[in-house]
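To start, the structure under review is shown below, and the notes come after it.
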Amino acid sequence: MKLETITVEKNMLRFCLDEAFSGPVTLREETPVVHGTPRLVAQEELAFTGGAAACARFADGHDRALSRFFCRQGGTELEGAHYVTDFAPDVPENVYPYPQPDTIKTLVCPHEEGREFGIKQSRFNVNLPAMVALEEQPDTIPYEFEGQTYYFYRDSLEKLEKNMAGYEVNTLILLNAPSKFFSHEEQALLDVCIHPKYEWGDPGAFISAFNMTTEAGQRVYGAFVSFLAERYTRADKKYGRIGGVIISNEINLQTNWGNVGEMPVKDYVEEYSVAMRLAWICGKRHYSGFRVYVSLANNWNELHENPLRLYHGRDIIDHLGVISARDGDFPWHVAHHPYPESWLPDFWNDRRATFDFATPKITYKNMEVLEAYLAQPQLLYRGTPRRIVFSEQGFNAENGPLRDLQEKQAAAGYVLEYLKARNMKTVDMMANHSYLDNLHEFGLNLGIFRYDPDAPNHRGEAKPIAAAVKAMDTPAEEIAILFAREIISPELFDYLLHPTVLCGDPDRSSETEFG
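Take 22 as the starting number for the sequence shown in the working numbering and just add one per residue.
In structure tokens:
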């Protein structure tokens with residue numbers, strides 16, 4: 022006997038087994054702390070009839086939908102769902118289809134500038150320590166969550182809302198960066214929201230993982246997500262609209278972008294999956310179509326010097342699949358960053374991007390591999406492939422004698438990668454990472470415009486890629502494709518536009534030690 026689903030109803034939680042059992046089952050409810058000490062919240066007897074039973078959803082201001090559950094019958098712990106898996110249709114405050122624009126073309130810039138490129142969606146970073154306070158501060162908005170009041174900085178909200186305004190939908194990247202440059206440095210907040218194993222002294226640890234190891238850490242994180250979902254999924258779009266959130270950034274490079282020091286990938290994903298699951302539950306309460314995404318860099322199977330700090334994207338996806346099947350599946354999706362392997366724009370020459378599941382990297386060249394991998398039966402969500410957003414990528418051109426050539430290659434590369442992404446069946450976003458060159462982005466020039474300190478909004482000279490971005494999904498696309506085919510070569514362009522993917526690992530049984 023197995024617990025198949027836990028469904029949130031208006032005032033009840035409904036538990037359903039995989040067989041028509043009738044009789045008593047002991048229900049244990051606890052906080053969903055991972056690698057910490059969970060607290061027993063409640064224990065009660067449920068009377069199952071025909072394989073179903075229900076209990077009250079709310080208790081003393083606590084929404085039990087946020088908890089983890091264990092069921093025991095006749096001395097045997099039941100396998101199956103330990104978390105909420107479903108919501109009754111009348112539970113979310115806002116019910117409408119996911120507002121998918123008719124173009125996947127995306128730039129990260131305010132709408133008034135994106136409009137000229139036909140951009141209808143965008144994505145923006147939101148940093149918990151810059152947004153939330155535990156104690157009331159000047160010009161903050163109070164927000165009640167799970168019996169505690171949190172405070173949200175109005176200036177941070179207004180800045181975000183100015184950027185989101187005008188777009189049909191936005192996706193927010195949830196970050197946890199404690200640096201004084203990105204946070205208000207409220208020590209009481211940092212003590213609960215920053216992961217206890219975060220390496221404070223490491224200058225390369227830009228972002229901490231969210232703290233799922235304590236109840237206080239989970240509560241402030243839950244308040245963070247719930248506030249954003251409640252404010253930005255309203256049917257009237259009063260403050261702007263989001264469709265979902267990306268949890269942290271490039272977690273297969275956790276030493277930099279979701280730091281916890283050294284940790285095996287399986288343990289890391291155990292914690293991260295709870296952050297994803299809590300975000301989905303918090304968001305789903307407010308919007309029926311709320312989405313959550315795992316964030317991955319292009320490192321798919323690449324060998325790393327320290328596998329306790331740098332993970333394979335493939336391993337992360339596999340562990341998420343196993344955890345979902347074990348604890349109750351929920352609709353998580355994938356945000357991937359298919360940068361070229363060498364940062365240079367001629368991705369069609371990438372050598373570590375192959376068209377099989379064992380590929381070291383997934384770049385623009387072989388981005389179809391990700392969709393094929395997620396289409397495997399064990400990774401489907403109730404028979405349906407998970408959605409993909411290519412939420413951060415771009416083309417660098419080095420300052421020097423090859424800059425003009427590389428910028429032409431970038432324009433051609435944008436056309437090809439956009440067509441490839443548009444051909445895929447599950448892709449909802451293709452975001453060019455940088456609108457302007459960023460002086461602080463590790464020496465990379467990823468913008469479609471040069472940075473000009475004296476120009477309005479610092480928008481300097483347009484690069485060739487700007488015209489390519491503008492052309493896609495318009496009648497000018499045909500000319501852009503002719504240009505791209507000439508730069509890349511017609512034969513290679515046409516091959517990469519519709520590559521053949523080996524849905525598995527290549528057969529290496531006949532290889533020798535020499536390769």
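Heads up, the beta-carbon is just placed ideally off N, CA and C, and yes, glycines get one too.
Exposed unless 16 or more other CB atoms sit within 10 angstroms - verdict on residue i
{"i": "Arg408", "result": "buried"}
{"i": "Leu61", "result": "exposed"}
{"i": "Asp371", "result": "buried"}
{"i": "His461", "result": "exposed"}
{"i": "Pro118", "result": "exposed"}
{"i": "Trp221", "result": "exposed"}
{"i": "Tyr219", "result": "buried"}
{"i": "His333", "result": "buried"}
{"i": "Ala497", "result": "exposed"}
{"i": "His358", "result": "buried"}
{"i": "Asn148", "result": "buried"}
{"i": "Arg347", "result": "exposed"}
{"i": "Gln158", "result": "exposed"}
{"i": "Ile162", "result": "exposed"}
{"i": "Glu438", "result": "buried"}
{"i": "Asn320", "result": "buried"}
{"i": "Pro224", "result": "exposed"}
{"i": "Phe231", "result": "buried"}
{"i": "Glu114", "result": "exposed"}
{"i": "Arg529", "result": "exposed"}
{"i": "Leu423", "result": "exposed"}
{"i": "Ile500", "result": "exposed"}
For residue i, the nearest candidate out of the options (CA to CA)
{"i": "Arg4", "options": "Pro511, Asp371 and Ala379", "result": "In the structure displayed, the chain extends from 22 to 536; residue 4 sits before or after that span and is not available."}
{"i": "Glu40", "options": "Glu50, Gly57, Arg298 and Ala73", "result": "Ala73"}
{"i": "Gly168", "options": "Leu149, Leu34 and Ala244", "result": "Ala244"}
{"i": "Val427", "options": "Pro352, Ile509 and Pro328", "result": "Note that residue 427 is Gln in the sequence shown here, rather than Val. With distances taken between Cα atoms, Gln427 lies closest to Ile509."}
{"i": "Tyr172", "options": "Tyr472, Gln430 and Tyr242", "result": "Tyr242"}
{"i": "Leu341", "options": "Asn319, Arg298, Phe368 and His325", "result": "Arg298"}
{"i": "Asn32", "options": "Leu48, Val54 and Cys76", "result": "Cys76"}
{"i": "Ala487", "options": "Asp526, Ser455, Ala186 and Ile272", "result": "Ser455"}
{"i": "Ala63", "options": "Tyr360, Phe416 and Ala80", "result": "Ala80"}
{"i": "Phe351", "options": "His103, Ala431 and Gly95", "result": "His103"}
{"i": "Tyr308", "options": "Lys258, Pro285 and Phe91", "result": "Lys258"}
{"i": "Gly468", "options": "Met445, Gln414, Leu513 and Thr495", "result": "Gln414"}
{"i": "Tyr574", "options": "Lys386, Glu137, Pro361 and Ala393", "result": "What the structure shows of the chain is the stretch from 22 to 536, and residue 574 is not part of that stretch, so it cannot be assessed."}
{"i": "Ile338", "options": "Thr52, Arg312, Glu392 and Ala300", "result": "Glu392"}
{"i": "Leu523", "options": "Asn273, Tyr394, Glu179 and Glu100", "result": "Tyr394"}
{"i": "Arg480", "options": "Glu133, Cys92, Phe91 and Leu48", "result": "Glu133"}
{"i": "Gln142", "options": "Leu513, Thr375, Ala483 and Asn453", "result": "Asn453"}
{"i": "Asn280", "options": "Gln399, Arg330, Phe463 and Glu179", "result": "Arg330"}
{"i": "Leu324", "options": "Lys305, Phe108, Pro381 and Gly101", "result": "Pro381"}
{"i": "Asp111", "options": "Pro59, Thr28 and Asp176", "result": "Thr28"}
{"i": "Leu67", "options": "Ala86, Phe90 and Asp84", "result": "Phe90"}
{"i": "Gln121", "options": "Thr192, Glu532, Cys92 and His56", "result": "Thr192"}
{"i": "Glu326", "options": "Leu400, Thr276 and Trp364", "result": "Thr276"}
{"i": "Ser316", "options": "Val290, Glu156 and Ile140", "result": "Val290"}
{"i": "Arg255", "options": "Glu189, Glu236, Asp288 and Ile215", "result": "Glu189"}
{"i": "His519", "options": "Lys441, Met22, Ser200 and Thr58", "result": "Lys441"}
Beta-bridge partners of residue i, as assigned by DSSP
{"i": "Leu34", "result": "Val29 and Cys76"}
{"i": "Ile263", "result": "Asn191"}
{"i": "Asn148", "result": "Leu196"}
{"i": "Trp353", "result": "Val313"}
{"i": "Cys92", "result": "Leu48"}
{"i": "Ala68", "result": "Pro45"}
{"i": "Gly101", "result": "Leu24"}
{"i": "Ala63", "result": "Glu50"}
{"i": "Gln142", "result": "Thr127 and Val190"}
{"i": "Leu523", "result": "Asp377"}
{"i": "Asn115", "result": "Tyr308"}
{"i": "Asp84", "result": "Phe79"}
{"i": "Asp107", "result": "Thr28"}
{"i": "Asn320", "result": "Lys382"}
Supposed contact pair residue j and residue i - C-beta distance, whole angstroms, cut 8 Å
{"i": "Ala154", "j": "Glu207", "result": "6 Å"}
{"i": "Ser88", "j": "Thr70", "result": "Rounded, the Cβ-Cβ distance is 23 Å, inconsistent with contact."}
{"i": "Asp458", "j": "Asn466", "result": "5 Å"}
{"i": "Trp369", "j": "Leu513", "result": "6 Å"}
{"i": "Lys126", "j": "Val448", "result": "With a Cβ gap of about 11 Å, Lys126 and Val448 do not count as contacting."}
{"i": "Arg136", "j": "Asp160", "result": "About 30 Å separates the two Cβ atoms, so there is no contact after all."}
Residue i CB to nearest heavy atom of the ligand MG below 7 Å
{"i": "Arg78", "result": "The ligand content of the structure shown is nil, which means the ligand MG is not present either."}
Short CB-CB distance (under 8 Å) between residue i and chain D
{"i": "Asp515", "result": "Reference to chain D is not applicable here, since this structure consists of a single protein chain."}
Mind pulling the beta strand (DSSP E) runs of 3 or more residues that sit fully within the segment 153-223?
161-166, 169-174 and 190-196
Start-end ranges of the beta strand (DSSP E) lying completely within the segment 381-433, minimum 3 residues:
409-414
As an exercise, report each continuous beta strand (DSSP E) stretch of at least 3 residues that is fully enclosed by the segment 220-305, in chain order.
263-268
Complete runs of the beta strand (DSSP E) confined to the segment 444-502 [at least 3 residues]
448-453, 470-472 and 480-483
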